[in-house]
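Below is one structure, written out as structure tokens; comments come after it.
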Amino acid sequence: MTAAELSERLASYLTRATGGAVAIAGLRQLPGGASRETWAFEATLAGEPQPRRLVLRRDPGPTSVDSDRAHEFQILRAARASGVPVPEVYWLGDDPEALGARFFIMEYVAGETLARRLLRDAEYQHARGVMTAQLGAILARIHALDTTVQGLDFLAAPRAGRGAAQTEVERYEQLYRGLAPEPHPVIELALRWLETHLPAPGRETLVHGDFRIGNVLFDADGVRAILDWELAHRGDPLEDLGWMCVKAWRFGGPLPVGGVGERDELFAAYEQAGGGAVDPAAVHFWELFGNMKWAVICIAQARTFLDGGVASLELASLGRRTAEVEHELMRLID
Amino acid sequence: MQDRPTTLELLAAVRDFVTRDVVPTLDARRQFHARVAANVLAIVERELRDGDAQLREEWTRLRTLCAVAADRDGGPHDVDDDVPPADPATLRAAVVALNADLAARIRAGDADHGSFRAAVLHHLRATTDDKLRIANPGYLEEASR
Chain Y
114 MTAAELSERL
124 ASYLTRATGG
134 AVAIAGLRQL
144 PGGASRETWA
154 FEATLAGEPQ
164 PRRLVLRRDP
174 GPTSVDSDRA
184 HEFQILRAAR
194 ASGVPVPEVY
204 WLGDDPEALG
214 ARFFIMEYVA
224 GETLARRLLR
234 DAEYQHARGV
244 MTAQLGAILA
254 RIHALDTTVQ
264 GLDFLAAPRA
274 GRGAAQTEVE
284 RYEQLYRGLA
294 PEPHPVIELA
304 LRWLETHLPA
314 PGRETLVHGD
324 FRIGNVLFDA
334 DGVRAILDWE
344 LAHRGDPLED
354 LGWMCVKAWR
364 FGGPLPVGGV
374 GERDELFAAY
384 EQAGGGAVDP
394 AAVHFWELFG
404 NMKWAVICIA
414 QARTFLDGGV
424 ASLELASLGR
434 RTAEVEHELM
444 RLID
Chain E
2 MQDRPTTLEL
12 LAAVRDFVTR
22 DVVPTLDARR
32 QFHARVAANV
42 LAIVERELRD
52 GDAQLREEWT
62 RLRTLCAVAA
72 DRDGGPHDVD
82 DDVPPADPAT
92 LRAAVVALNA
102 DLAARIRAGD
112 ADHGSFRAAV
122 LHHLRATTDD
132 KLRIANPGYL
142 EEASR
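So the sequence lines, in the order shown, correspond to chains Y and E.
Going by the numbering used here, the first sequence opens with residue 114, and the numbers climb by one from there.
Going by the numbering used here, the second sequence opens with residue 2, and the numbers climb by one from there.
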């Protein structure tokens, strides 16, 4: 579908959804987003003098990792109600006929997501200094969200008698066994390590599941919004802290938390904001788990390309990024 | 025999064209994808140059590991005069089969401790280093600092 066609279909969808004529302008695709498309546009709604700046999130086609637009929409709404900085969501397009794939439309929040800008641009020097503490405090808020009150019963939860860590390890082990076109002894070694180092079950909370630089919208003052909730589930809150420390999310930066902060600083801010005591050994487990998970996601993305579902060079090249993650796993495994 | 430029020289020329001439003319999103394309070409160049030698070394290391494991199991292991298959497709298939065998041993707990674990870790560190020498040598340099 061309941008012009999408713009036209978007206008007729919003016209139906709002019950008044809607004019669309400036539709443009935002960079990045291997597993879904993100488009920015301006919409002038009937009776509103100023156009609204909006964002469309749309599935590009079949993907290997679960991603359900409706659930992401509901989670964003619940997170906002609980004081987590996220864009406000407006319309959910459950009918894939309307725009060729499932989608939702949300508020456009101005800011940057590119890690290399955060790490290098002079404009973000202050942001680099305050971000780790902000992220720790936001995580504490996410983990305090009551999923039963907020109607998020659909979230995947730890299997009965299994515990969060074992459930998550098994989830990605199953994905790996179903998808990997060739054997990966390093991933086997990591799975074996994880199975023999499971942390004792602790709190069970909402887990963002993809809390990292790249999914954080920031400006000169630091965090503006937390994006990409499609991997949210119920589990061990320390999973999010470990994922935040995964090497891939440092983007070449020198420090362990997103390239910009120290682990101690993240943990202290989390505890101070009411997140509960952080056991660094358990976070280490989740960091190793996170690297295994990222390796499996790289393989899954490459598999999507290999199966011909999405003709994307970016997905194809992720197959070769698996080597970086395997190298990091070999560094973490003792 | 084909005339010069060689395969590697042609690929380098295409990569230079993408980086120097194409990237500056594109919008941000396509620039990102064009850079990904140039990077993929660089991977292919390095693999054409060093891939076969690496694969032969991985095969040799894996055969040695299998011999250690077979020795422990008390099975036969006359692999001293082994040479890797000459045909690249056969070699690749042989390495896949050996990796499947190693993966199964790890899964069964054979590499949980002791000298076999040490040998497996040593082999896998060498293998991941080699994979990075092709997929992303800059990452390996950074990580070794």
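No residue lacks a Cβ here, since even glycine has one placed at the ideal position from N, Cα and C.
In this text the structure is predicted, and so the values were computed from the model without any measurement.
- Task: Could you tell me which of E:Asp131, E:Asp130, E:Gln32, E:Leu11 sits nearest to Leu426 (chain Y), measuring between CA atoms?
- Result: E:Gln32
- Query: Any idea if Arg215 (chain Y) is buried or exposed, counting beta-carbon neighbours within 10 angstroms, 16 or more meaning buried?
  - Reply: buried
- Does DSSP put Gly348 (chain Y) in a helix, in a strand, or in coil? strand
- Please determine, among Y:Phe380, Y:Val409, Y:Gly388, the residue with the shortest C-alpha to C-alpha distance to His397 (chain Y). Y:Phe380
- Task: Verify the CB distance criterion: does Thr65 (chain E) have a CB-CB separation below 8 Å to chain Y?
- Result: no
- Message: Do Val202 (chain Y) and Phe186 (chain Y) count as a contact pair if the criterion is CB distance below 8 Å?
- Response: yes
- Item | Gln279 (chain Y): contacting residues in chain E (beta-carbon distance under 7 Å) | Per Cβ cutoff of 7 Å: no residues; Gln279 (chain Y) is ~16 Å from chain E at best.
- Query: Can the beta-carbon of Ala240 (chain Y) be found less than 8 Å from the beta-carbon of Asp334 (chain Y)?
  - Reply: yes
- Closer than 8 Å, Cβ to any Cβ of chain Y: which residues of the stretch 20–36 of chain E, in chain order? Ala29, Arg30, Phe33, His34
- Query: Do you know whose CA, among Y:Gly366, Y:Pro393, Y:Val423, lies nearest Asp234 (chain Y)'s CA?
  - Reply: Y:Gly366
- Pull up the distance between the alpha-carbon of Glu225 (chain Y) and that of Arg126 (chain E), whole angstroms please. 37 Å
- Task: Can you give me, in chain order, the residues of the stretch 292–322 of chain Y that have a beta carbon less than 9 Å from any beta carbon in chain A?
- Result: Although the question refers to chain A, the structure presented lacks it and instead comprises the protein chains Y and E.
- Buried or exposed: Ser430 (chain Y), going by 16 or more other Cβ atoms within 10 Å of its Cβ? buried
- If you draw a straight line from the alpha carbon of Leu351 (chain Y) to that of Ala390 (chain Y), how long is it in whole angstroms? 10 Å
- On a CA-only basis, which of Y:Pro369, Y:Leu167, Y:Arg284 is nearest Tyr221 (chain Y)? Give me that one, please. Y:Leu167
- Task: Look at Ala191 (chain Y) and Leu248 (chain Y) and say whether their C-beta atoms are less than 8 Å apart.
- Result: no
- Message: Would you call the stretch 114–133 of chain Y in contact with the stretch 146–161 of chain Y, where contact means no fewer than 3 C-beta pairs closer than 8 Å?
- Response: yes
- Task: Determine, using beta carbons only, whether Glu437 (chain Y) comes closer than 8 Å to chain E.
- Result: yes
- Query: Which chain Y residues sit within Cβ distance under 9 Å of Arg50 (chain E)?
  - Reply: Those do not exist, as Arg50 (chain E) stays about 16 Å from chain Y at its closest Cβ, beyond 9 Å.
- Task: Kindly say whether Ala136 (chain E), judged by its beta-carbon, lies nearer than 8 Å to any beta-carbon of chain Y.
- Result: yes
- Item | Contact set between Gln142 (chain Y) and chain E, taken where Cβ atoms lie within less than 8 Å | Arg30
- Item | Under 9 Å by beta carbon: chain Y residues contacting Thr61 (chain E) | Within chain Y, no residue comes near Thr61 (chain E); the closest Cβ sits about 16 Å away, beyond 9 Å.
- Query: So which residues on chain E does Glu118 (chain Y) lean against when the C-beta distance must stay under 7 Å?
  - Reply: Within 7 Å Cβ-Cβ: nothing; Glu118 (chain Y) doesn't reach chain E, min ~18 Å.
- Item | Neighbour list for Arg126 (chain E) in chain Y, Cβ cutoff strictly below 9 Å | His440, Met443, Arg444
- Taking the beta strand (DSSP E) that Trp152 (chain Y) falls in, what are its first and last residues? 150–158
- Message: Just to confirm, is the Cβ distance from Leu63 (chain E) to Asn100 (chain E) under 8 Å?
- Response: yes
- Task: Would you identify the three-state DSSP class for Thr280 (chain Y), choosing helix, strand or coil?
- Result: helix
- Could you please give the first and the last residue of the uninterrupted beta strand (DSSP E) stretch that includes Gln453 (chain Y)? The displayed coordinates of chain Y run from 114 to 447. Any statement about residue 453 (chain Y) would go beyond what the structure contains.
- Task: Pull up the CB-CB distance for Thr65 (chain E) and Pro85 (chain E), whole angstroms please, since I reckon it's below 8 Å.
- Result: Contact flag wrong, Cβ pair sits at about 12 Å.
- Item | Test: Thr8 (chain E) CB closer than 8 Å to a CB of chain Y | no
- Can you name the residues of chain E whose CB is closer than 8 Å to the CB of Leu426 (chain Y)? His34, Val37, Ala38, Val41
- Message: Between Asp179 (chain Y) and chain E, is any beta-carbon pair separated by less than 8 Å?
- Response: Low confidence applies here, because Asp179 (chain Y) scores a pLDDT of 46, under 50, leaving its location unreliable; read the following figure in that light. Cβ-Cβ to chain E under 8 Å: no for Asp179 (chain Y).
- Task: Report the rounded CA-to-CA distance for Gly75 (chain E) versus Thr8 (chain E), giving the unit in angstroms.
- Result: 48 Å
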